[in-house]
Amino acid sequence: MWEVVGEAKKIQKPIIVRYSEKFGFFDFFNKGKVFNVDKCLIKGFNFCGVSCKNFESVSNYPIVYNIPENKLKEINTGDILKIYPSGKVKRLWNTLSSHNALFLTEKCNSNCIMCPQPQEPIDHDNEIFDILNLLKEDEVSEICITGGEPTVNGKLPEVLQKLKKFSKCKPIVLTNGRKFSDFEYAKKIARFSPRNTVFAVPLYASISRVHDEIVGVKGAFSETIKGIYNLTRFSIPVELRIVLIKQNILSLKDLAHFIGWNLPMVIHVAFMGMEVYGRAEKYADKVWVEPNEYMDCLTEAVKGLAYRNMHVSIYNLPHCLLPKDLWQYSRKSISDWKLNYLDICFACTKKEECAGFFATSSKIPQGVRPFYS
């Protein structure tokens with residue numbers, strides 16, 4: 000996630016602001032670029048300045064200064080930023096990106112062995128409401144609600160209700176699906192969700208013991224399956240996500256068969272290369288497997304689902320590691336702020352359509368090579 004550190008003055012607590020390069024009413028300050036906090040209009044126009052110049056002794060308003068000029072140029076008009084008393088500036092919303100994610104909480108009720116997101120007892124619901132209040136109704140087309148596990152935060156229904164004001168928005172909620180095993184909770188979420196909200200739920204194996212061992216919770220498989228059925232009873236679209244790790248690669252064909260027979264109502268199945276970060280990095284010796292070792296299993300699973308006319312995709316695996324007959328299922332899905340390519344990739348003729356790599360991952364798969372035609 001984009002962030003930079005400058006020097007702060009007159010900033011007493013973290014504030015969330017919408018960035019604008021146009022001064023408008025504040026032309027008379029003329030001391031750098033200005034953040035406008037639209038939500039505070041009714042309280043008296045609160046604002047904060049940002050600049051690459053030095054205003055240590057002259058600024059009469061909140062400001063972060065001495066920011067590197069090249070970093071300042073990376074901020075777009077309409078971006079939403081969080082400004083800290085320490086001088087840190089973090090981008091929470093990139094108006095030019097289609098990969099904006101809102102982290103509702105860092106808490107989780109599972110303990111997946113390959114999870115890249117460290118668990119912390121921290122909620123961000125107030126921050127999300129601030130962001131949504133600053134966004135204009137016609138400028139949000141895609142948005143991801145994630146965590147942690149969003150369903151452990153009691154404000155998820157309110158967040159979903161808030162998204163209804165964005166008529167063009169296609170929300171996706173990343174969830175382990177377990178809490179939806181509670182029929183009344185699933186019913187409540189269905190009532191609050193925008194009609195085109197997709198819930199993306201992980202399913203790692205067709206054998207309950209294997210799935211439960213991966214997520215670190217006994218009974219998780221049963222709760223997840225029941226949750227999927229409850230969501231679809233209310234006509235909520237469900238997508239399945241399968242992270243490819245050592246524990247499940249040999250049973251991918253069985254999992255695909257299970258999905259085809261028992262979960263044919265899901266709208267999408269995504270097989271995902273692993274981001275080796277967080278717990279996945281800590282337990283890399285237990286979960287990491289080279290893609291070339293599971294490619295036959297992946298091919299069987301993908302083609303088995305495609306044969307049933309199910310929508311299937313492959314995420315996070317570059318073209319050079321996939322057989323050509325799987326390229327049609329490959330998607331660029333890594334968030335732009337995490338996306339990376341190796342030096343040898345820049346000569347590759349397939350780079351623009353390739354999934355690339357996680358910049359955060361500590362593992363680079365074997366066999367990466369460029370295509371020249």
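In this text, residue positions in the sequence shown follow numbering that gives the first Met the number 0: the first is 0, and each later residue adds one. For each residue, glycine too, the CB sits at the ideal point set by N, CA and C.
According to DSSP, is E292 helix, strand or coil?
-> Residue mapping note: residue 292 aligns to position 293 of the sequence shown, counting from 1. Correct three-state label for E292: helix.
Check the C-beta distance from N247 over to A204 and give it rounded, since I have them as a contact under 8 Å.
-> Here the question's residue 247 lines up with position 248 in the sequence shown. Here the question's residue 204 lines up with position 205 in the sequence shown. Yes, N247 and A204 are in contact; Cβ-Cβ is about 5 Å, under 8 Å.
Quick one: residues in its chain with C-beta nearer than 6 Å to the C-beta of R368, no 5 flanking neighbours on either side, listed in chain order?
-> By one-based count along the sequence shown, residue 368 stands at place 369. Closer than 6 Å at Cβ, skipping near neighbours: C319.
Out of curiosity, what's the CA-to-CA distance linking V265 and I74?
-> One-based indexing of the sequence shown puts residue 265 at position 266. One-based indexing of the sequence shown puts residue 74 at position 75. So the alpha carbons of these two residues sit roughly 38 Å apart.
As assigned by DSSP and simplified to three states, the class of S329 = By 1-based counting over the sequence shown, the position of residue 329 is 330. If DSSP states are grouped into helix, strand and coil, S329 belongs with the strands.
Integer-rounded CB distance, given that K167 should sit under 8 Å from D137 = Mapped onto the sequence shown, residue 137 falls at position 138. Mapped onto the sequence shown, residue 167 falls at position 168. With a Cβ gap of about 7 Å, D137 and K167 count as contacting.
One or two residues paired with R90 in a DSSP bridge = Within the sequence shown, the letter at position 91 stands for residue 90. Bridge partners of R90: L80.
Can you give the Cα-Cα distance for P13 and Q327, rounded to whole angstroms?
-> Residue 13 sits at position 14 when you count from the first residue of the sequence shown. Residue 327 sits at position 328 when you count from the first residue of the sequence shown. Taking the straight line joining both Cα atoms gives about 45 Å.
Start and end of the beta strand (DSSP E) containing F198?
-> By 1-based counting over the sequence shown, the position of residue 198 is 199. Per DSSP, the unbroken beta strand (DSSP E) holding F198 starts and ends at V197 to P201.
Rounded straight-line distance, which links the Cα of Q365 to that of E238 = The residue given as residue 238 occupies position 239 in the sequence shown. The residue given as residue 365 occupies position 366 in the sequence shown. Near 29 Å, if we compare the C-alpha coordinates of Q365 and E238.
Express the C-alpha separation of L91 and C111 in angstroms, rounding to a whole number.
-> For the purposes of this step, residue 111 is identified with residue 112 of the sequence shown, where counting begins at 1. For the purposes of this step, residue 91 is identified with residue 92 of the sequence shown, where counting begins at 1. About 26 Å.
Verify whether the separation of the beta carbon atoms of H256 and G303 is less than 9 Å.
-> Taking the first residue of the sequence shown as 1, we reach residue 256 at position 257. Taking the first residue of the sequence shown as 1, we reach residue 303 at position 304. Yes, the Cβ-Cβ distance between H256 and G303 is below 9 Å.
Tell whether a beta-carbon distance below 9 Å holds between I171 and I82.
-> Position 172 of the sequence shown, counting from 1, holds the residue named residue 171. Position 83 of the sequence shown, counting from 1, holds the residue named residue 82. Against a cut-off of 9 Å, the Cβ pair of I82 and I171 comes out as no contact.
Please report how far the alpha carbon of A346 lies from the alpha carbon of I363, in whole angstroms.
-> Translated into positions along the sequence shown, residue 346 becomes position 347. Translated into positions along the sequence shown, residue 363 becomes position 364. Going by the C-alpha atoms only, they are around 18 Å apart.
Cα separation between G43 and N308?
-> Here residue 43 refers to the residue found at position 44 of the sequence shown. Here residue 308 refers to the residue found at position 309 of the sequence shown. Its pLDDT being 32, under 50, G43 is placed unreliably in this model, and the coordinates cannot settle the point.
Determine, using beta-carbon pairs with one atom in the stretch 139-159 and one in the stretch 202-216, whether at least three such pairs fall under 8 Å.
-> no
Pick out whichever of K8, K70, V63 and G147 has its Cα sitting closest to the Cα of W1.
-> Reading the sequence shown from its first residue, position 2 is the one you call residue 1. Of the candidates K8, K70, V63 and G147, the one whose C-alpha sits nearest the C-alpha of W1 is K70.
Could you check what DSSP says for N339 in three-state terms: helix, strand or coil?
-> As a position in the sequence shown, residue 339 is number 340, starting the count at 1. Reduced to three states, the DSSP call for N339 is strand.
Simplified DSSP state of Y282, which is helix, strand or coil | Position 283 of the sequence shown, counting from 1, holds the residue named residue 282. Reduced to three states, the DSSP call for Y282 is coil.
Just grab the DSSP bridge partners of Y314 for me.
-> Position 315 of the sequence shown, counting from 1, holds the residue named residue 314. Answer is M271 and R330, bridged to Y314.
From this set, I227, F182, P236 and L251, which residue's C-alpha is nearest R194's C-alpha?
-> Within the sequence shown, numbered from 1, the residue matching residue 194 stands at position 195. Comparing C-alpha distances from R194 to each of I227, F182, P236 and L251 shows the shortest one belongs to P236.
By the 10 Å Cβ neighbour count, where 16 or more other Cβ atoms means buried, how is T223 classified, buried or exposed?
-> Within the sequence shown, the letter at position 224 stands for residue 223. Per the 10 Å Cβ criterion, buried.
Terminal residues of the continuous beta strand (DSSP E) containing V172?
-> Locating residue 172 in the sequence shown gives position 173, counting from the first residue. Taken as a continuous stretch (DSSP letters only), the beta strand (DSSP E) holding V172 covers K169 to L173.
Go to R240, then tell me how far its beta strand (DSSP E) extends in each direction, as first and last residue.
-> Here residue 240 refers to the residue found at position 241 when the sequence shown is read from its first residue. V237 to V242 is the extent of the beta strand (DSSP E) around R240.
Between S361 and I142, what straight-line distance do the alpha-carbon atoms span, to the nearest angstrom?
-> As a working mapping, residue 361 is identified with position 362 in the sequence shown. As a working mapping, residue 142 is identified with position 143 in the sequence shown. If I take the Cα positions, the gap works out to 27 Å.
If we count the other Cβ atoms within 10 Å of its Cβ and call it buried at 16 or more, is Q11 buried or exposed?
-> Position 12 of the sequence shown, counted from the start, is the residue given in the question as residue 11. Counting Cβ neighbours within 10 Å, Q11 comes out exposed, since fewer than 16 surround it.
Report the rounded CA-to-CA distance for V3 versus D78, giving the unit in angstroms.
-> Position 4 of the sequence shown, counting from 1, holds the residue named residue 3. Position 79 of the sequence shown, counting from 1, holds the residue named residue 78. Their Cα atoms are separated by approximately 14 Å.
So R208 is in the alpha helix (DSSP H); what residue range does that whole segment cover?
-> Sequence index remark: in the sequence shown, residue 208 carries index 209 (1-based). Start and end: S207 to V214.
Beta-ladder partner(s) of K8, from DSSP = For the purposes of this step, residue 8 is identified with residue 9 of the sequence shown, where counting begins at 1. Bridge partners of K8: I62.
Which residues share a DSSP beta bridge with T145?
-> Position 146 of the sequence shown, counting from 1, holds the residue named residue 145. Answer by DSSP bridge pairing, in chain order: F102.
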